[in-house]
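Sequence positions in the sequence shown follow the working numbering and run -13 to 366.
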Amino acid sequence: MLSSALTTVLWMAGAYVGFRVLRFYFVERGDPWFWGEYGLGAPSGLRLVHFVLKIGAAIVSNLPTGVRLGLLRIIRASRIFPKMADSTLDFDFDNYNGLARAPTVAKGVRTLGMRNLCEWLYRPRHFSVIKSEYTHPLCRPILFIPGIKIKPFYPPRCKDFPWIERFEEATATIREEFLSLSKNNPKAVGTYLVPEDMKSTVSGWRTFFFTNPQGKQMVENQKLCPKTWEILNTIPGFVPENMTMFSVLSPGAEILPHCGLTNAVVRIHLPIIVPQPTKSVIRVGEKVRTWEEGKVLAFNDAYDHQVWNFGSLTRVVLFFDVWHPDLSEEDLAVIKKGWENIKQSMGKVADEYERMSKRQMEADPEDVDDWLITEKDKDT
C-alpha cells in the first residue's frame, strides 16, 4: 500500500514537472521577440537562439550564489568563455532579485505570480502576455520591474514631471553647447556601436555619451559639455547610471526595432535640432509620435520601438532617463542602491564597450559636414 502511494505521488510529481517543462518550451520557444532588427518579428532560427539563451539564464540565475561565484572563478582562471565570465555569470542576480523588497515591486511580483525577478530573464514571453496594468506583449525590457503602470507615451508638459517647463527653457543653451562640440570635437560624436556584440554599428545614428549603455560615467565627455551635464543633474529623478547622450539621426536613417533596459524609468528626449518635425518619427509599441524642437517627448522605451528620419536634414535630441513616477520614496530607497550595484556588476563590459567605441570612432572617415546637415547648410 505504501509503495503504491509513493509511486502515485512520484508519478504526479513527474507529470507536473513534465507539464511545466513542456509549457516553458512551447511558450518561450515560440517567442517572436529578438534583439536588434527583428523586434517581434524574429525568424525561427533566432527564436531558437533566444530560447537557448533563456535556458542558460534559467540555469545560471537559479544556482546558489556561492556555486555561481565559484563557477565564475573557475571560468576566469581557465579563460574559457571570457564573454560569459564578464557578462552572464558576472551579472548581479542577487541585487536584481533584491529590488522586490520595494513595496510597489513586491505587489507586482505577487500580482503576476513571479517567484523572483530573475524569472523574467527566462520567461519573458509568459509574463509579457499576462493581462495587467504592468505588462504588455510589446513591453519587453531586458530587466523587467513589476508593479509599475506602463504606457507608451506621456502627454506634453505631463503633471508627473513638473520640472519639464523649466527644463525646456534650457534648450538654447544645450543646443549651443552641442553645436560647439560638433564643430570643435566632431570625432567625439561617433556612429552608434551595438552593445550586444560590440561589432555592429547603426548606419546614420551617431551618439555622444555622458553615460555609456552599461552605465559607465564618461567623465571626459561630461567636461566637454559641462552646462548640459549640470542641467541634467538638476532634474528630479534623473538616473545618471543609465545611458545618457546626444542622439543624432542623419537624413534617411532608421533605428530598427528594439527594447530598452528597464520599464522602471521613463525615457526623456529634449529635441534640440529638428528642422523637419513631420519627417522625424518614433514608434513606441503601437503608437507613433514626432518631435518638436524644444518640447520634451517622454515615453517608456521598455516597449518595442523604432525610429526613422524620412527628411533631408539631421535630427538631434538630448536623451536620458528619470525614475518612473509610480515609484515612491520608499521604493527608490531600495531600488537606487540595488540599481547602482547592478550597473557596477557590468563594469568590465562597460570598459570594453568604451574601448571598442573609441576604436570605431578613430576609424570613422566621416567629418561633421557629412552628418550634421542643417537648414542653413541646405540653403548654402
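All C-beta atoms, glycine included, are put in the ideal place defined by N, C-alpha and C.
Asked	Found
The ligand MN heavy atom lying under 7 Å from the CB of F196	For the ligand MN, the structure offers nothing, since it holds no ligand at all.
DSSP state of M229 mapped onto helix, strand, coil	coil
Cβ shell of T97 (< 8 Å), same chain only, five flanking positions each side left out	S118, Y120, P132, G133
Three or more C-beta pairs below 8 Å linking the region 96 to 113 and the region 258 to 275	no
Option nearest R301 by Cα separation, candidates K329, P29, K265	K265
Three-state class that DSSP yields for V13 in the structure shown	helix
Through-space distance from L124 to E163, alpha-carbon basis	36 Å
C-beta contact flag for Y178 and T193 at 8 Å	yes
Other residues of its chain near D78: CB distance less than 7 Å, five sequence neighbours each side excluded	N327, I328, S331
Through-space distance from I128 to S(-11), alpha-carbon basis	47 Å
Cut-off 7 Å between Cβ atoms - residues of its own chain near A44, not counting five sequence neighbours on either side	Y108
For H291, the first and last residue of its enclosing beta strand (DSSP E)	291 to 295
Endpoints, beta strand (DSSP E) assigned at D307	301 to 309
Rounded distance between the beta-carbons of V282 and I150, thought under 8 Å	5 Å
Host beta strand (DSSP E) of S189 (start-end)	187 to 197
Buried versus exposed, by CB contacts within 10 Å (16 or more), W309	buried
Contact check, G333 vs G84, beta carbons under 8 Å	no
Residue closest to P138, alpha-carbon to alpha-carbon, out of D287, K40, L58, A63	D287
P50 in three-state terms, based on DSSP	coil
Under 8 Å between C-beta atoms of W294 and E348	no
Cβ-Cβ distance between L358 and S189 below 8 Å	no
As assigned by DSSP and simplified to three states, the class of A63	helix
The alpha helix (DSSP H) enclosing V91, as first and last residue numbers	89 to 98
Residue environment, V53, which counts as buried when at least 16 other CB atoms sit within 10 Å	exposed
Limits of the unbroken alpha helix (DSSP H) element including P212	212 to 218
Own chain, CB closer than 7 Å to T51, minus 5 neighbours either side, in chain order	D80
Which of helix, strand or coil DSSP assigns to G223	coil
Limits of the beta strand (DSSP E) - the one that F178 falls within	Per the sequence shown, residue 178 should be read as Tyr rather than Phe. 176 to 179 is the span of the beta strand (DSSP E), which, as asked, contains Y178.
Residues that K273 bridges to, as DSSP identifies them	V270
Option nearest V270 by Cα separation, candidates Q203, L32, R253	R253
Host beta strand (DSSP E) of I160 (start-end)	First-last for I160: 157 to 170, but that is the alpha helix (DSSP H), not the beta strand (DSSP E).
Which listed residue (I268, I258, Q292, F296) has its alpha carbon closest to that of E279	I258
Bridge partner(s) assigned by DSSP for A284	I254
Same chain, Cβ closer than 6 Å to R15, neighbours up to 5 away in sequence not counted	F37
Local Cβ density within 10 Å of T230, reported as buried at 16 or more and exposed below that	buried
Boundaries of the alpha helix (DSSP H) in which L107 is found, first to last residue	105 to 108
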